[in-house]
Structure formats: structure tokens, C-alpha cells
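Engineer: In the working numbering, the protein residues as written are 68 to 461. Glycine included, each C-beta is placed from N, C-alpha and C at the ideal position. I have a structure here, written as C-alpha cells, and I will follow up with some questions on it.
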């Protein structure tokens with residue numbers, strides 16, 4: 068029963084309810100509404116009751132619509148200390164997370180080999196591993212170093228004088244295959260918006276993490292400057308944790324400047340969200356062969372083939388690919404050809420640490436929270452179980 072319930076809950080998709088209108092004691096329609104036109108299911112009644120409960124009926128919507136719609140919600144739903152904002156969708160997501168926590172926390176893991184195809188057991192095993200706090204800090208840090216080595220980063224950070232650094236596309240391919248990370252070159256498979264029955268390879272500009280494009284490009288702004296300084300401090304501190312305080316490989320402050328300068332260069336080649344609103348204009352479907360011919364210095368075909376060969380899919384020159392920002396790739400492909408291997412290797416390594424470090428031990432989690440606080444204002448870190456649930460939902 069526990070496993071069946073686990074499968075059922077894990078298959079649930081969070082449903083967002085949208086009601087186009089709501090009858091209250093004010094502004095009711097004068098004509099009679101047919102009962103047949105009203106949804107009377109339990110779910111509809113619960114949503115209607117919920118929305119009625121958060122309306123401030125003491126205010127007149129004709130005089131102050133904001134007070135009528137928002138005031139009661141703001142008074143009764145303070146922003147949680149571990150978040151920077153809170154709304155109806157956030158609440159629905161939190162309710163789902165709590166239900167998943169209850170199911171996963173009470174489920175029993177029967178024996179299955181680690182490579183078992185049973186997805187239910189894989190999810191449960193991943194959750195229990197994430198929640199395990201018995202591993203020592205040094206062992207968990209060493210495990211993170213092991214992940215870096217597994218993708219070809221033998222030591223981190225890399226010195227400017229190191230000569231045994233692999234080609235960056237080799238490391239990038241392993242990042243995609245082993246960790247699902249796609250820094251700089253955002254590569255994924257999704258439905259073709261012009262033919263949703265077909266899945267197609269797609270490429271888009273770099274997706275920034277906790278520190279956004281605006282912060283990198285407008286560091287003279289006081290608020291942005293504080294965020295960049297907090298980001299650099301984070302890089303320095305995680306470097307010290309990864310090297311046990313040694314500066315023999317690379318000075319942590321120099322590394323922080325190197326990584327930020329690299330991300331500024333990437334940000335300069337991206338476009339703002341406002342400039343990217345027209346999906347129809349941005350849609351550019353070509354073939355992998357055409358894209359490779361246009362950017363001969365960039366080993367795109369090799370990267371794509373290495374990724375898909377791993378799952379026994381053959382990709383040739385005629386494989387379609389949707390490029391959502393052609394100008395970005397024209398610029399970034401040329402730029403990557405000028406960047407030192409050590410810089411790219413250090414950036415990839417840091418990208419892994421930024422994503423996985425908070426899952427290791429309290430030292431990394433505390434540093435992550437300090438950065439989150441500087442960027443979002445969240446007063447306390449998310450509870451471990453929330454982080455673990457979020458990881459499973461990705």
C-alpha cells in the first residue's frame with residue numbers, strides 16, 4: 068500500500084486553479100445564473116470558499132480594488148522567513164511538498180539493487196540519501212570533490228599554469244550526461260512549439276542562477292554591488308572549504324574575480340527578457356550540420372553526438388535544432404574560443420559546487436544561506452526536507 072500510494076502521489080501534477088469571476092455580497096450579477104453553468108465539484112467549492120475567505124469585503128472594490136483583493140491576504144499570510152515572496156501558487160506548492168514529505172518519510176524501501184529500473188525506489192533512495200545527516204563534513208566534502216573528478220575536473224580550482232586540462236567540451240558533455248547541468252550552452256530536448264507532437268533538440272542563451280543578468284551588468288548600482296560582493300565572498304569561502312584553506316592552487320580572491328568577470332562577459336552577450344518576448348521572431352529552426360558549418364570553431368556536432376550516443380541515439384547533420392537566440396551563439400561561440408582552459412574549468416567546477424554544495428553539509432548550507440539572504444532577503448534557510456523534495460521535482 069505504501070509503495071502504491073507513493074507512486075500515486077509522485078504522479079500528481081500540481082493543479083493551478085483560475086477562476087474568472089467570483090460572486091460575493093458585493094457586485095453580484097443581477098440576472099439569475101443557471102445552476103448548470105456553475106461548477107459544484109468538491110474542488111471548485113473548496114477553491115471558491117478559499118478565494119472568498121481572502122477577500123476583504125469591508126472594502127468597496129469600486130473605491131479601492133487593491134484593498135478589496137489584497138489586504139486580507141497580506142494580513143493573514145505573512146511572508147515565511149525562508150522565502151522572499153508568498154502567494155497562492157506558493158501555498159499550493161508548499162501543500163504538495165508537505166504531502167510528498169509525509170509519503171516519502173513514511174515509505175519503506177524494500178531491497179532493490181542500486182541499478183534497479185524501479186523509478187519509485189530510485190526516488191525514495193534519492194530522498195533518503197539527501198536527508199542523511201550522518202555523513203561527516205569531511206566525507207561529504209570529499210564526495211563533492213569526487214563528483215568534480217568524475218566530470219574530468221581532477222583538481223579545483225585549476226591554476227593558470229596547469230597544462231593537463233581537458234578540452235572544455237569534454238567537461239561540458241560530462242556535465243550534461245552525469246549532472247544535467249548546461250552552463251553557457253543551454254541545451255535540451257522539448258516539444259517543437261510549431262509541431263507539439265515532435266520533440267526536438269533546442270538551444271537557448273545562458274540561464275543565470277541566483278545572481279542574475281542585471282546584477283552582473285549593473286554592478287555600479289548600490290544594491291547590485293552588494294549582491295556581487297556577497298557572491299564573491301561566497302566563491303572565496305567555498306574555495307577554502309574545497310581546498311582546506313590552501314591557496315597553493317589559486318588565490319580564492321583571484322578566482323572570485325575570474326569567475327565574475329567570465330559571467331559578466333556571458334551576460335554581455337545575452338539579451339534581456341524584455342527583448343525576448345516575441346517567441347515567433349526568436350524561433351529559428353536549422354539543422355545541427357548547418358549550425359556546425361556556421362560556427363566551425365565550436366565542436367557542436369561532437370558534443371551533441373557524445374551526449375546522444377550515451378543513450379543509443381544517432382544524431383547526424385540533418386538533425387533539426389531550434390536556436391532561440393542566434394545572436395547569442397554567434398557571439399558566445401567566438402568568445403569561448405578566446406577563453407583560457409583554466410578559466411572555463413574553474414567556472415564549470417564552481418557551477419557544480421553552487422548547485423550541489425548546499426546538499427553536502429552544514430558549512431556549505433550556511434554559506435549558501437548567507438548568499439541567498441543577500442540576494443533575496445530570506446531570513447532563514449529552507450528546511451532540509453524542502454530542499455530534498457525540490458531536488459526530486461526537478
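#1: Starting from residue 368, trace the alpha helix (DSSP H) both ways and give me its first and last residue.
#2: Among 284, 170, 354 and 160, which has the Cα closest to the Cα of residue 333?
#3: Compute the minimum distance between the beta carbon of residue 293 and the heavy atoms of the ligand FMN, and state whether it is under 7 Å.
#4: Tell whether a beta-carbon distance below 8 Å holds between residue 238 and residue 439.
#5: Count the other CB atoms within 10 Å of the CB of residue 219; is the residue buried (16 or more) or exposed (fewer)?
#6: Note down the Cα distance separating residue 380 from residue 214, rounded to an integer number of angstroms.
#7: What do you reckon, are the CB atoms on residue 445 and residue 196 nearer than 8 Å?
#8: Let me know the beta strand (DSSP E) ranges lying completely inside the stretch 158–231, each 3 residues or longer, listed in chain order.
#9: Work out the CA separation of residue 288 and residue 299 for me, nearest whole Å.
#10: I need the DSSP call for residue 346, collapsed to helix, strand or coil.
#11: Does the distance from the C-beta atom of residue 271 to that of residue 392 stay below 8 Å?
#12: Roughly how many angstroms lie between the CA atoms of residue 311 and residue 228, to the nearest whole one?
#13: Is residue 258 helix, strand or coil by DSSP?
#14: Give every residue of the same chain whose Cβ lies closer than 7 Å to the Cβ of residue 353, excluding the five residues on either side of it in the sequence, and list them in chain order.
#15: Does residue 271 come out as helix, strand or coil in the three-state DSSP assignment?
#16: Are residue 362 and residue 395 closer than 8 Å when you measure CB to CB?
#17: Using the Cα positions of residue 231 and residue 266, report the straight-line distance between them to the nearest angstrom.
#18: Leaving aside the five residues before and after residue 428 along the sequence, list all residues of the same chain whose C-beta is less than 6 Å from its C-beta, in chain order.
#19: If we call anything under 8 Å between Cβ atoms a contact, is residue 408 one with residue 235?
#20: Let me know the secondary structure DSSP gives residue 454 once reduced to three states.
#21: Can you give me the C-alpha to C-alpha distance between residue 315 and residue 459, rounded to a whole angstrom?
#22: Quick one: grab the DSSP three-state call for residue 353.
#23: Consult DSSP for residue 389 and reduce its assignment to one of helix, strand or coil.
#24: Who are residue 253's beta bridge partners in DSSP?
#25: Do you know offhand how far residue 357's Cα is from residue 351's?
#26: By alpha-carbon positions, which one of 345, 341, 344 and 302 ends up nearest to residue 324?
#27: Suppose you measure from the CA of residue 212 to the CA of residue 119; what does that come to, to the nearest Å?
#28: What residue does the alpha helix (DSSP H) around residue 430 start on, and which one ends it?
#29: Tell me, please, which residues DSSP counts as bridged to residue 266.
#30: Grab the span of the alpha helix (DSSP H) containing residue 406 for me, first residue to last.
#31: Which class does residue 311 belong to by DSSP, given the choice of helix, strand or coil?
#32: Around the Cβ of residue 329, are there at least 16 other Cβ atoms within 10 angstroms (buried) or fewer (exposed)?
#33: Just how far apart, CA to CA, sit residue 233 and residue 133?
#34: Does DSSP put residue 74 in a helix, a strand or coil?
#35: Exposed or buried, residue 106, counting other C-beta atoms within 10 Å across all chains shown (16 or more means buried)?
Structural biologist: The structure says:
#1: Note, residue 368: alpha helix (DSSP H), 367–376.
#2: The shortest Cα separation from residue 333 among 284, 170, 354 and 160 belongs to 284.
#3: This structure simply doesn't include the ligand FMN, nor any ligand for that matter.
#4: Going by beta carbons, residue 238 and residue 439 fall outside the 8 Å limit.
#5: Here residue 219 is buried. Its C-beta has 16 or more other C-beta atoms within 10 Å.
#6: Their Cα atoms are separated by approximately 26 Å.
#7: With respect to the 8 Å criterion, residue 445 and residue 196 are not classified as neighbours on the basis of their beta carbons.
#8: As far as the stretch 158–231 is concerned, it has no whole beta strand (DSSP E) run of at least 3 residues.
#9: Cα-Cα distance, rounded: 16 Å.
#10: In the structure shown, residue 346 falls within a helical segment according to DSSP collapsed to helix, strand and coil.
#11: Yes, these two residues count as a Cβ contact at 8 Å.
#12: Looking at the backbone, the Cα of residue 311 and that of residue 228 are separated by about 21 Å.
#13: Collapsing the DSSP output to three states places residue 258 in a strand.
#14: If we look at residue 353 and ignore the five residues flanking it on each side, its Cβ neighbours are 388 and 390.
#15: Annotated three-state conformation of residue 271 is strand, per DSSP.
#16: For residue 362 and residue 395, no; Cβs fall outside 8 Å.
#17: Roughly 38 Å separates the two Cα atoms.
#18: Correct list, in chain order: 204 and 207.
#19: Going by beta carbons, residue 408 and residue 235 fall inside the 8 Å limit.
#20: Correct three-state label for residue 454: helix.
#21: Distance between the alpha carbons of residue 315 and residue 459: 37 Å.
#22: Strand, per DSSP.
#23: Here residue 389 carries a strand assignment [DSSP, helix/strand/coil].
#24: Beta-bridge annotation (DSSP): residue 253 is paired with 271.
#25: For residue 357 and residue 351, the distance between alpha carbons rounds to 12 Å.
#26: Answer by Cα proximity: 302.
#27: Residue 212 and residue 119 have their C-alpha atoms spaced approximately 53 Å apart.
#28: Unbroken alpha helix (DSSP H) run through residue 430: 429–443.
#29: Paired residues: 258.
#30: Run containing residue 406: none; DSSP gives neither H nor E here.
#31: In the structure shown, residue 311 sits in coil (DSSP, three-state: anything other than H, G, I, E or B).
#32: Only buried fits residue 329, as 16 or more other CB atoms lie within 10 angstroms of its CB.
#33: Each residue's Cα considered, the two are about 58 Å apart.
#34: The predicted position of residue 74 is uncertain, since its pLDDT is 45 and thus under 50; a value taken from the coordinates is nonetheless stated next. Note: residue 74 maps to helix in three-state DSSP.
#35: Exposed, since its Cβ has fewer than 16 Cβ neighbours within 10 Å.
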